[in-house]
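Shown next, in structure tokens, is the structure this report addresses.
Residue numbers (the working numbering), protein chains in the order written: chain A, 491 to 1037; chain B, 146 to 494.
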């Protein structure tokens, strides 16, 4: 269990591992191995991230001038709809649970696989089916509702709303089944000695995420089906001309979509909790506080949805109640931040690309989180609602926190997945581009929101032009950063040096087997006899510090 | 101080009584946010240098939080968040309670324009709302189609307009001048052009204006119900306005882009092949016929989905539409027939 005794020996690449145990395309498509399913998720989510990113760049180019620039109004409306739907439902929600949850969770539990391997494969196929359907429908039918599908616009627009919604519905099932699988796996498949308080924080984060996925996702399924029924059957559910209530749609939509924010961000926080311990070689400062605050966010997150509807005509009393509840979510996040920073204190921090992302992440989560508190402050939201301030705020969380988390995970577990090392120098160059590019893209959008620029604007008054030009310039830095990452990771796959089993010298259970792991994960079931994220040598006198 | 912060944050002028309330809290919240996030980032960076890994497999002490520390990290953020909540909610309740003496104006939003009516005492208007300086104005708002949102950045006010329901908001303008109204809730193709204007006049000037408008109303003999009563643009501009308000743009583009119906760009005098195989020239007669009986002559490749505008368009409106279509000429000299619709329209009952 010591992490360093064999560090001097030359790293070895295991001759037989999960990547080469079976061969042929069919062995991949029909695999029940959680690690192979994870890799197929990785390729898929990266593909959708790429096309979602191309849509984003198209939007930024269009907004370079106040008038029409490179596309028509209808094309622009389709473009931001595609960007939102692809990024949220096909990249952000499945990214960390689908890829790193699938890959690492059984390893971190010392298990051979997830509890229901066939169900796991079904989730992947549902993900592919739903994505294909939604993207095809949007591309062929010019869906122009935005990812929020607000009624009665979505029930009356002449575009293909229904097939796209069916795609979202199927994607929801993929998400529910994955969540269910993880919950059962964590409850039943922990290795001997691995009690709940010895789980790595990544596992706690994925557990909290899975609970939200299972409980909240059925509501979006129900909501999109009701829109479909209204469109096809003509029942008046949301359209007032038929006797429906458009605000009812918003309540149902946000009842899912607010918790969905935590479906996206909790896994990212989970990655950071694990990685920050590994890269500072420290025990987690306030383990229980981080673990329980994830559950706290999952719980309180269910009751904050109304803060998306402060100017929708909701009663002032409701607005006050939702605002007060939203403040609590902020406190849970603040607890995590204090504990992460506390973990760095008196650590032994390795200078690596993931650590650059961690520093960026800490700044983004505080700024993004506190601007979330700002927009949950009712009177301030009256001015900011539906402006670029809100766009910038959620991109700080979605890009600044979630994508940073995804990149940290990708770099941290890359040697675990492929047994290869990437180039650390290029890694830090790309990380700097991404962190700075991100700041340059979204800080101007906060200011554009202050100045009063509404979101989803194809053309805008000239006074917003300077800020939009700045934002587009920042977005190109961001794009350059991502391209560098793609290049050096592909190079590392092909030509990278052999990593060895535990190149980071990490204390995680997933590193106790070979990298890449064998098909059955562990040659013998590990027995866990120590606390998580523990970097003290056995028998060594440990200095205890209480602050 | 106020002006420095306002400029730094790119905030527009403060032209209502609500604006300074919003901005004062805004400055407080954003300053704390900036300080906290930059401090966190810098602290992480400082630890990054101070506690660098000195040797391989270095041991680290076991650092644990004390109860006192935990109380502080929960208490400090909670204190600030609750403080902001209380102040924000207090201001919000003030903002949602219009004074009793407020002047009522009815607002209707529809794709993609704003309409205003001063009740029994005054005129109707499209796009421009005249209000007095220093007197509260209450807006009673509804929408005719989808959700819109009435947003005046200079007043810091915003309220959604819902079809089939009334919502209200109010403001008291503090400075005479012109202020932009923007639609903030996505409402389709020209959402980004659904703009209007509030003209704030000194109170006395406003009263005179209202009297003048009322006199104008009683003198007016034209009783047609169309929106053109007080439209003062050219006939082409008027046609464009009707194309927007009657929903023509939902299916016909102005810029050559394929959509559900044929584009209007270069439509006038275009040679079109019909479903029946017959060829026609899109002249004034054909364009007018197509508004009144749209399913009689369908261009090849399109579905017969257009509703009739018989009885919905007055004669001058139809003429204005035709003039507007005639004005849509591209640079090219070619006259190409319409291509097929790019996607199927959705079936309606």
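From the three backbone atoms N, C-alpha and C, an ideal C-beta is built for every residue, glycine too.
Kindly confirm or deny that the stretch 397 to 417 of chain B and the stretch 427 to 443 of chain B touch, where touching means at least three C-beta pairs closer than 8 Å.
-> Verdict: yes, contact present.
Practice task
Give every residue of the same chain whose Cβ lies closer than 8 Å to the Cβ of residue 286 of chain B, excluding the five residues on either side of it in the sequence, and list them in chain order.
Solution key: Once the five neighbours on either side are set aside, the close Cβ partners of residue 286 of chain B are 251, 252, 253, 254, 295, 304, 306, 311, 312, 313 and 314.
Worksheet item: From what residue to what residue does the beta strand (DSSP E) around residue 269 of chain B run?
Response: Start and end: 269 to 271.
- Determine the DSSP secondary structure at residue 358 of chain B, reduced to helix, strand or coil. Helix, per DSSP.
Any beta carbon of chain A sitting closer than 9 Å to that of residue 494 of chain B? Residue confidence for residue 494 of chain B is low, a pLDDT of 47 falling below 50, so the modelled location carries little weight; the figure read from the coordinates is stated next. So yes, residue 494 of chain B belongs to the interface.
Cβ neighbours of residue 935 of chain A in the same chain (closer than 6 Å, five flanking residues each side left out):
If we look at residue 935 of chain A and ignore the five residues flanking it on each side, its Cβ neighbours are 878, 881, 882 and 961.
DSSP three-state call for residue 661 of chain A: helix, strand or coil? DSSP places residue 661 of chain A in helix when its eight states are reduced to three.
Q. How would you label residue 1030 of chain A, buried or exposed, when you count the other beta carbons within 10 angstroms and need 16 or more for buried?
A. Residue 1030 of chain A is exposed by the Cβ-count criterion.
> Does the beta carbon of residue 248 of chain B come closer than 9 Å to any beta carbon on chain A?
Replying inline: By this cut-off, residue 248 of chain B is not an interface position.
Check each candidate in B/319, B/220 and B/211 and name the one with the smallest Cα separation from residue 161 of chain B.
Considering only B/319, B/220 and B/211, the residue with the shortest C-alpha distance to residue 161 of chain B is B/319.
task: Determine which residues of the stretch 775 to 787 of chain A have a Cβ less than 8 Å from any Cβ of chain B, and write them out in chain order.
output: Using a CB distance below 8 Å, the part of the stretch 775 to 787 of chain A facing chain B consists of 775, 776 and 779, ordered along the chain.
With a CB to CB cut of under 6 Å and the five nearest residues on each side skipped, what residues in its chain are close to residue 714 of chain A? Apart from sequence neighbours up to five positions away, the residues of its chain that approach residue 714 of chain A with a beta-carbon distance below 6 Å are 655, 658 and 659, ordered along the chain.
* Pick out whichever of A/1003, A/689, A/969 and A/739 has its Cα sitting closest to the Cα of residue 1023 of chain A. => If we check each option's Cα against that of residue 1023 of chain A, A/689 comes out closest.
- Message: So, under 8 Å CB-CB, residue 218 of chain B and residue 276 of chain B are touching, yes? Tell me the CB distance rounded to an integer number of Å.
- Response: 49 Å between Cβ atoms; not a contact.
- The alpha helix (DSSP H) with residue 418 of chain B in it runs from where to where? Counting along the chain, residue 418 of chain B falls outside any alpha helix (DSSP H), though it belongs to the beta strand (DSSP E) covering 416 to 418.
Among A/512, A/814, A/519 and A/574, the one whose alpha carbon lies nearest that of residue 541 of chain A: Relative to residue 541 of chain A, the option among A/512, A/814, A/519 and A/574 whose CA is nearest is A/574.
Where residue 379 of chain B falls, given that 16 or more other Cβ within 10 Å makes a residue buried | Answer is exposed; the Cβ neighbour count stays below 16.
- Message: Taking 9 Å as the threshold (beta carbon to beta carbon), is residue 457 of chain B in contact with chain A?
- Response: With 9 Å as the cut-off, residue 457 of chain B does not count as an interface residue toward chain A.
Inset, instruction - Report the rounded CA-to-CA distance for residue 646 of chain A versus residue 309 of chain B, giving the unit in angstroms. - result: In this structure, the CA atom of residue 646 of chain A is about 15 Å from the CA atom of residue 309 of chain B.
Express the C-alpha separation of residue 428 of chain B and residue 435 of chain B in angstroms, rounding to a whole number.
Our two residues, residue 435 of chain B and residue 428 of chain B, have alpha carbons roughly 11 Å apart in a direct line.
Whole-angstrom C-beta distance between residue 587 of chain A and residue 699 of chain A, which should lie under 8 Å
For residue 699 of chain A against residue 587 of chain A, the beta-carbon gap comes to about 6 Å, under 8 Å, which counts as contact.
Compare the beta carbon distance of residue 894 of chain A and residue 751 of chain A with 9 Å and say whether it is the shorter of the two. Taking the C-beta atoms as reference points, residue 751 of chain A is found no nearer than 9 Å to residue 894 of chain A.
query: Using the C-alpha atoms, what's the distance from residue 334 of chain B back to residue 395 of chain B?
result: Here the alpha carbons of residue 334 of chain B and residue 395 of chain B stand approximately 7 Å from one another.
Which residues in the same chain as residue 455 of chain B place their Cβ atom closer than 6 Å to its Cβ, once the five residues preceding and following it in sequence are excluded? Contacts found: 437.
Continuous beta strand (DSSP E) assignments of at least 3 residues falling wholly in the stretch 582 to 661 of chain A: Within the stretch 582 to 661 of chain A, no run of beta strand (DSSP E) at least 3 residues long lies entirely inside it.
- Item | chain A contact residues for residue 206 of chain B, given Cβ-Cβ distances below 8 Å | Here the neighbours are 836, 1032, 1033, 1034 and 1035.
Q) Does any residue of chain B bring its CB to less than 9 Å from the CB of residue 946 of chain A? A) Interface flag for residue 946 of chain A against chain B is set, since a Cβ pair is found closer than 9 Å.
Legend entry - As assigned by DSSP and simplified to three states, the class of residue 532 of chain A: Three-state result, residue 532 of chain A: helix.
Requested in this report: In the DSSP assignment, find the beta strand (DSSP E) that holds residue 329 of chain B and state where it starts and stops.
Outcome: Per DSSP, residue 329 of chain B belongs to no beta strand (DSSP E) and is neither H nor E.
For residue 198 of chain B and residue 707 of chain A, the rounded distance between their alpha carbons | C-alpha separation (whole angstroms): 43 Å.
Worksheet item: If we ignore side chains and look at the alpha-carbon of each, how far apart do residue 176 of chain B and residue 848 of chain A end up?
Response: Their Cα atoms are separated by approximately 24 Å.
- Query: On the three-state DSSP scale, how would you describe residue 908 of chain A?
  - Reply: Looking at residue 908 of chain A - three-state DSSP - the assignment turns out to be helix.
*Any Cβ of chain A within less than 9 Å of the Cβ of residue 350 of chain B?*
Not an interface residue.
Counting only beta-carbon atoms, is residue 273 of chain B nearer than 9 Å to chain A?
-> Not a single CB atom of chain A sits nearer than 9 Å to the CB of residue 273 of chain B.
Unbroken beta strand (DSSP E) runs of length 3 or more, entirely within the stretch 970 to 1021 of chain A: which are they? Whole beta strand (DSSP E) segments, 3+ residues: zero.
Per-residue contacts from residue 308 of chain B into chain A (C-beta, under 9 Å) | Think of a sphere of 9 Å around the beta carbon of residue 308 of chain B: the chain A residues whose beta carbon falls inside it are 642, 729, 730, 731 and 736, in chain order.
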